[in-house]
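Participant: FYI, the numbering used here numbers position 25 of the sequence shown as 55, with every residue one higher than the one before it.
In this text, a Cβ means the ideal position worked out from N, Cα and C, and glycines have one as well.
Since we're looking at a predicted model, the values are computed, not measured.
Right, I'll just put the structure down here and ask away after.
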Amino acid sequence: CTISCITTQVLVLKDFANETDFTKVRKAAHQMVQRLAGSHALVTCKDLLRVSMGNHLRSLLAPSSVDQSLLEQTVQAVCADNLEMGCAIIERAATERAIRDIDEAITPGFSML
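If you want it as structure tokens, here you go:
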């Protein structure tokens, strides 16, 4: 379980301790974990993704006999154009995984109530 999952599990089970409708608890947990996991993924991945994309592009384009300044401009432009899309893919993957994780985490806790 991730930080987002653990935080959501603790807060939701505490806040909904008297709730008998598991659907409400599950929906609240999903909404909370999606926001936390998505925000956490964006904060942690953006700079790392930019650097990784740049390094990978440089290594792919290095064998070409292109002027170094043109190569660097191209790498920067491609990274800038694709960074948001890459972050969106990472955010989506993080939220989907967090939803699966929170379902596994809260089901036993809710059945004990």
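Apart from the five residues just before and just after leucine 124, which ones in its own chain have a Cβ nearer than 6 Å to its Cβ?
Facilitator: One detail in the question is off: residue 124 reads as alanine in this sequence, not leucine. Same-chain partners within the cutoff: Ala67, Ala71.
Participant: Considering only their Cβ atoms, is the gap separating valine 55 from isoleucine 136 smaller than 8 Å?
Facilitator: Cβ atoms of isoleucine 136 and valine 55: closer than 8 Å.
Participant: Helix or strand or just coil, what does DSSP make of serine 89?
Facilitator: Correct three-state label for serine 89: helix.
Participant: For the stretch 105-123 and the stretch 49-63, state whether three or more C-beta atom pairs, one from each stretch, are separated by less than 8 Å.
Facilitator: Cβ pair count under 8 Å is below three, so no.
Participant: Enumerate in chain order the residues of its own chain whose CB-to-CB distance from threonine 37 is below 7 Å, with the five nearest sequence positions on each side excluded.
Facilitator: Correct list, in chain order: Leu66.
Participant: How far does the alpha helix (DSSP H) with aspartate 45 in it reach, from first residue to last?
Facilitator: Counting along the chain, the alpha helix (DSSP H) containing aspartate 45 begins and ends at 33-45.
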